[in-house]
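Heads up: the structure comes next, in structure tokens.
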Amino acid sequence: MNLNELQRKLLAAGRSNPPSDTVPYGFQTRVMARLRSQALPDGWTGWARGLWRAAVPCLGIMLLIGAWSYLATPTPTSVDLSQDFENTVLAAANQQASDSIW
Amino acid sequence: MRVGALDVDIGGFNLFNRLRSFCILAAMEPTEAELIAAVLKGDAASFEPLVEKYSPRVFATARRYARRESEVEDIVQEVWLKAFQKLASFRGEAPFEHWLMRLAVRTCYDFLRGHQRNRETTFSEITEAEGDWLERFALQPESAPENADAARQLIERVLEQLSPAARLVITLLEIEDRSVKEIAKLTGWSVPLVKVRAFRARAEMRKILAKIAKEKYL
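If you read the protein sequences in the order shown, they are chains A and B. Quick note on numbering: the first sequence equals residues 1 to 102 in the numbering used here. Quick note on numbering: the second sequence equals residues 1001 to 1218 in the numbering used here.
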């Protein structure tokens, strides 16, 4: 069987048979009813959707950075938190005192 | 009858007045751009004339890819919903119809991809008329008419067997006689990709035809 000729004939048959463009009764009414039920998204809706979508990746990134900073922090030399706090707060004063000695 | 003054009065029928009122009415009718602008401002009712005007075209396109009328209606409804939701992305550089048809073709392609599991796998369901047409073709190719119903049914059956991309490209290129550039615009594929897919689609179609011949004659 000549397959090329069969292909040509069948494609010609397809061309000679354009589909109907009939619109079913009441179709426009149904579509318009559906469209009216959904409001056209305005700019704020777009922003709100975008922010909601961004929330999950942001949360993930926050957790990753938190975990990384927690694990990457070198072990503190002093276990006394109050002493560390005092040193930090008085760092500027200590610096001034050491400068005045020299 | 005063033809010179463009006032043709035949039996009380004033042609000029009718023409003038038609022109006034036509001028009063909002243009597509005005309708689209109104929809974007929140007047959903302005979308209705567009739905009414272009639905026949969208239905004809959808019927090329879906056989059941319920599926066709679903596709067209989805096209209009997408058109309404994405209307802000229509820049008005090309006619609205072109933009809409791109949307329709892409929705049909999505439909084909979503339903590719439902494709038939054998040709055991070939009707008697289709079998007769094939036999006639095998004996004397010229005697098998292209406009026969059996040939039309057979090509539909063959198209249903093709992969979604092959079916889309064969329909647009061979059946709707569109150019490669047009297909690229409609589908969003590049021109080389359309050419590659067209080549593969023809090969896929020949393979299916070979399978039919084998099933029928072996």
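Don't be surprised by glycine CBs; every beta carbon is placed ideally from N, CA and C.
I need the DSSP call for residue i, collapsed to helix, strand or coil.
i, result
"B:A1165", "helix"
"B:L1159", "helix"
"A:R15", "helix"
"A:L35", "helix"
"B:K1086", "coil"
"A:L90", "coil"
"A:V23", "coil"
"A:N2", "coil"
"B:H1115", "coil"
"B:E1093", "coil"
"A:A54", "helix"
"B:A1150", "helix"
"A:D80", "coil"
"B:E1029", "coil"
"B:D1043", "coil"
"A:A97", "helix"
"A:R49", "helix"
"A:K9", "helix"
"B:E1125", "coil"
"B:R1068", "coil"
"A:A67", "helix"
"A:A72", "helix"
"B:A1144", "coil"
"B:E1078", "helix"
Got a sec, what are the start and stop residues for the alpha helix (DSSP H) residue i sits in?
i, result
"B:F1059", "1048-1063"
"B:A1129", "1128-1139"
"B:A1033", "1032-1040"
Tell me the rounded alpha-carbon separation between residue i and residue j.
i, j, result
"B:A1213", "B:A1060", "31 angstroms"
"A:Q95", "A:P57", "43 angstroms"
"B:S1070", "A:L63", "48 angstroms"
"B:R1117", "B:Q1161", "10 angstroms"
"B:E1128", "A:T45", "58 angstroms"
"B:L1173", "A:L59", "48 angstroms"
"B:P1145", "B:A1151", "8 angstroms"
"B:C1108", "B:F1199", "21 angstroms"
"B:F1084", "A:R36", "10 angstroms"
"B:R1139", "B:G1188", "The question names Arg, but residue 1139 of chain B in the sequence shown is Leu. Cα to Cα, the separation comes out at about 43 angstroms."
"A:R49", "B:K1053", "33 angstroms"
"B:A1037", "B:A1210", "53 angstroms"
"A:S16", "B:A1033", "35 angstroms"
"A:L6", "B:L1186", "28 angstroms"
"B:A1044", "A:R34", "11 angstroms"
"B:E1156", "B:L1050", "31 angstroms"
"B:L1154", "A:K9", "11 angstroms"
"B:F1137", "B:I1175", "21 angstroms"
"B:L1025", "A:G26", "Note on B:L1025: pLDDT 49, under 50, position unreliable in the model; the coordinate value appears next. Answer to the nearest angstrom: the Cα atoms are 26 angstroms apart."
"A:V89", "A:S98", "16 angstroms"
"A:N4", "B:K1207", "11 angstroms"
"A:N87", "A:L51", "41 angstroms"
"A:N2", "B:E1215", "15 angstroms"
"B:S1179", "B:D1149", "27 angstroms"
"A:V23", "B:E1048", "14 angstroms"
Please list, in chain order, all residues of the same chain as residue i whose beta carbon is under 7 angstroms from its beta carbon, the five residues on each side excluded.
i, result
"B:A1088", "L1040"
"B:V1169", "I1183, V1194, R1197, A1198, A1201"
"B:R1063", "V1072"
"B:F1090", "I1036, F1096, W1099"
"B:S1055", "V1076"
"B:L1112", "Y1065, P1164, R1167, L1168"
"B:R1067", "none"
Can you find the residues in the same chain that come closer than 6 angstroms, C-beta to C-beta, to residue i, ignoring five residues on each side of it along the sequence?
i, result
"B:V1058", "V1076, V1079, A1104"
"B:E1093", "none"
"B:R1102", "L1186"
"B:T1171", "R1064"
Considering only residues of the same chain and omitting the five flanking positions on each side of residue i, which have a CB-CB separation below 8 angstroms?
i, result
"B:K1181", "V1191"
"B:E1204", "L1162, S1163, A1166"
"A:D80", "none"
Residue ranges of each beta strand (DSSP E) run of no fewer than 3 residues wholly in the region 1167-1216 of chain B, ordered along the chain? Correct list: empty.
Which residues of the region 7-27 of chain A have a Cβ closer than 8 angstroms to any Cβ of chain E? Give them in chain order. The structure shown contains no chain E; its protein chains are A and B.
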